[in-house]
Every structure is written in C-alpha cells, then in structure tokens.
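2 protein chains.
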Amino acid sequence: MATPKQGDLQIGEVAELTGVTQRTLRFYEEKGLLRPPSRMDGGFRLYSEEDVQRVKHIRRLQDLLGISLADIKEMVDAEEVLRQLRAQYNPEAAIAEKRRQLQKATDVTKAQFAIVKQKTMQMREMETQLEERLQLFERWRVELDQLEQKPAATRR
Amino acid sequence: MATPKQGDLQIGEVAELTGVTQRTLRFYEEKGLLRPPSRMDGGFRLYSEEDVQRVKHIRRLQDLLGISLADIKEMVDAEEVLRQLRAQYNPEAAIAEKRRQLQKATDVTKAQFAIVKQKTMQMREMETQLEERLQLFERWRVELDQLEQKPAATRR
DNA sequence: CATAACCTTGACGTTGGCGTCAGACCAAAC
DNA sequence: GTTTGGTCTGACGCCAACGTCAAGGTTATG
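What follows is the structure in structure tokens.
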C-alpha cells in the first residue's frame, strides 16, 4: 500500500480520464460513492482502474437517469456487494449470508431495471412525438412554398 | 380578462392537477417558462387548460431528460413559436417571417430529437446490461442451491 | 358582514452538487 | 537542496430549484 503499485493512478490522472474535477472525486469519496482509495506514504490518493470505471458509471447514471447522488449511491452500493460476492466466491462459509446478499443485489437491480425500462419507453414516446412534429413542420414548409409560388404565377 | 371565464383555473387547482406547488408555478412564471397568466380583478392568477398541459410537459422534460430549466425554457419557447404559427396561419402577410420562425422551430426540434434519440439508445444499452446482470445473478443462485444440496446429499 | 379559505408579493432559507480559494505538505527533476 | 508541480485538508462560496414564512389583500359561504 505504501509502494505505488504499477497501474495505479493519482487523482489528477483519474480526473483527466473521467472528465471530472479532483474536487468531484474527493466529493464522491466523501459521500460514499467511491470507496476510499489507497494512499501513498505521503498521503496522495492512489486509484485503481476499477475506480475509474466506477466514476464513469456514476456519471452515466447522473447524465442518463438524472437522479440524485444519494440514489446513485444505493445503486453502486449494490454493485459493491456484487464485487464482494465475486471475490469471496470460493470460501464455502456462510452460504446463507451470500444468499442474502445475492437476493439484495437482485432486488436492487430489478428496481433499477424497472426504472430504466419505464424511462426508455417514455423516451421513445417522446421520440415519436418529435418525429411527428418534424413531419408537420415539413408539410407546413411545403404549404408556405406553394403560397409563395401562386402569387408569383398569377402575376405574370 | 376581468370576468373569470369558464374553464379557467386558479393557482391552487393547477397545482393539484399538475402535482407541483403554487410556489413552483410562480417560479416558472418568473423564469419565463410559463407565460404570465391572466388575472382576476383582485389579482388572482387565472390559468388555462393549455397552461396545465405546459406545466405537465415541463415536468416530463425535467424528469425524463434531467436537464436544466434554462434548457427546458429554450424548448418550450420553440413550442410557443409553433403555437403562434398555428394561430396566425391564415394572414398572408409576412411569409418570409413565418418561414424564419418555422425554420427556427424546426432546428430546435431537430436538436431535441437528437438528444432524445441518443439518450434512448444509451438507456437501452443500460437496459440490456441490467438484464444480463440479472441473468448472471440467477445462475449464481442456482450454483448456491447446488452447493447447499451436495453436502446434504453426501451427509447421509 | 364576518369569517374561513384562498391568493398576493416580497424576502429569506435550504439542499444538492460541486467551485474556489488558502495554507501547507509531498514528489520529481535539476 | 531547492525549485516546480501535484496533492492534502478545511472552509467558505455559488447556483439552481424550489421551500417557507410573513403580512396583507380577495373571494366564497353562512
């Protein structure tokens, strides 16, 4: 943990890779959206590639779903459970506990899925609405063209 | 404008119909998202059914696209242009002006359409991701079931 | 006409999601 | 070892999108 392992990134690099500021990264950590990264001897944060992915994921959720960081925290927490499940998958102990965690992760994921699915549908509705409107505009444009043509034709 | 026309609604009713607070309605008016409604003699606001639709629309945009009210204002402004076009469609005067407005409305709508389309696609990506994850969970659950079954079987 | 229920305009408060310093410390290069 | 550049922890600032009084005017109801 003291020796900066290869592949680890400092906060500035992560900021550049993810497109957020350093302040934002510390803020996410503060709010529990990012697990506290390891540190160098001097105290500098050392992020993993996984952390980078997580930040990108958080931003996608923010941008796409437009939900609060608190809600996003719930989601990424569930994914943290997933990570843990994957990690200690071999140790046979506490199967009941694993089952519980798996159930929780499943529930959260299903909830997310429901939200996303509903939003997707509404978005597609809006998409077709806009498409229809564009067609309407096109018809109007044609009408305007004709209005401009006729007087010009009758004039000569 | 002084006589409360039938079908007009006071702010409280609009609030209930749309699910927003009165404060929010005044706030939207302040920010130019709602055109200032007519008033009763005493100064009470009188909204039309169209205003109600507009509020609902604004909320849909907020909820679905997760964009700022400033951006939403641009969108609904464009739709106001549309309304005007529809209203004064007969008067032949100023065809060039109408063409200009139509062009603007078309541009804005196309921009909206692009945004919505992109978001829709990304949402569908996320949808399939979540679906795959759920399937993974299901497989794990089955594995856990087997882990529980085997020791029970070898024990007897 | 009194009284309850609704509405008005300020004006200040709040929350989320960071931005922006300040002052100090750490790391890397010369 | 000193300079240069990245990073640290507070702490205050800021904007959007409202919430929440306060003090008063308006409208409907008995």
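Residue numbers (the working numbering), protein chains in the order written: chain H, 1 to 156; chain R, 1 to 156.
Beta carbons are placed, not taken as given, at the ideal position from N, Cα and C, and that holds for glycine.
Asked, Found
"Can you pull the chain H neighbours of R:Lys98, defined as C-beta to C-beta under 7 Å?", "Leu144"
"Just checking, does the region 49-64 of chain H make contact with the region 96-107 of chain H on the three C-beta pairs under 8 Å criterion?", "no"
"What are the boundary residues of the alpha helix (DSSP H) that includes H:Ile58?", "49-65"
"Please classify R:Arg39 as buried or exposed, where buried requires at least 16 neighbouring CB atoms within 10 angstroms.", "exposed"
"So which residues of chain H does R:Glu50 contact, with C-beta pairs closer than 7 Å?", "Near R:Glu50 there are no residues of chain H at all, since even the closest Cβ is about 17 Å away, more than 7 Å."
"Would you say R:Glu125 touches the ligand ADP, meaning its beta carbon is less than 7 Å from a heavy atom?", "Inclusion of the ligand ADP in the displayed structure is not the case, the ligand content being empty and no account of it being possible."
"Going by alpha carbons, who is nearest to R:Leu114 out of H:Met75, H:Thr21, H:Gln22, H:Glu131?", "Inspection of the sequence shows that residue 114 of chain R is occupied by Ala rather than by Leu. With distances taken between Cα atoms, R:Ala114 lies closest to H:Glu131."
"Measure the C-alpha to C-alpha separation of R:Leu136 and H:Val14 and round it to an integer number of angstroms.", "30 Å"
"In whole angstroms, what is the alpha-carbon distance linking R:Asp107 and H:Glu148?", "22 Å"
"Taking a contact to mean a Cβ-Cβ separation below 8 Å, would you say R:Ile72 touches R:Leu33 in this structure?", "yes"
"Give the straight-line distance between the Cα atoms of H:Thr21 and R:Ser68, rounded to the nearest whole angstrom.", "21 Å"
"Could you check the C-alpha separation between R:Ile11 and R:Gln84 for me, to the nearest Å?", "25 Å"
"What do you reckon, are the CB atoms on H:Leu134 and R:Thr109 nearer than 8 Å?", "yes"
"Measure the alpha-carbon distance for H:Gln101 versus H:Ala87 and round it to whole angstroms.", "13 Å"
"Taking any Cβ of chain R, which residues in the region 102-134 of chain H have a Cβ under 8 Å from it, in chain order?", "Leu102, Ala105, Thr106, Thr109, Lys110, Gln112, Phe113, Val116, Lys117, Lys119, Thr120, Gln122, Met123, Arg124, Met126, Glu127, Leu130, Glu131, Arg133, Leu134"
"So within the region 10-52 of chain R, which uninterrupted alpha helix (DSSP H) runs reach at least 4 residues, ignoring any that extend past its ends?", "11-18, 22-30"
"Against H:Gly19, what residues of chain R qualify as contacts under a CB-to-CB distance less than 9 Å, listed in chain order?", "Simply none; closest approach about 16 Å."
"Anything in chain R within Cβ reach of H:Phe137, meaning under 8 Å, just list it in chain order.", "Leu102, Ala105, Thr106, Thr109"
"Note down the Cα distance separating R:Leu64 from R:Gln146, rounded to an integer number of angstroms.", "43 Å"
"For a contact meaning CB atoms closer than 7 Å, what does R:Arg141 contact in chain H?", "Leu102"
"Using a Cβ-Cβ cut-off of 8 Å, state whether H:Leu64 counts as contacting chain R.", "yes"
"Measuring CA to CA, which of H:Ala78, H:Glu125, H:Val116, H:Gln122 is closest to H:Gln103?", "H:Ala78"
"Looking at C-alpha atoms only, which residue of H:Phe27, H:Val52, H:Gln118, H:Gly42 is the closest neighbour of H:Gly19?", "H:Val52"
"What residue range does the alpha helix (DSSP H) around R:Ala94 cover?", "It is not in any alpha helix (DSSP H) - R:Ala94 carries neither H nor E in the DSSP assignment."
"Identify whether H:Pro4 lies in helix, strand or coil by the three-state DSSP scheme.", "Because the pLDDT at H:Pro4 is just 49, under 50, the model does not fix this residue reliably, and the point stays unresolved."
"Let me make sure I understand the geometry here. Which of H:Asp41, H:Leu25, H:Arg45 has the alpha-carbon closest to that of H:Arg54?", "H:Leu25"
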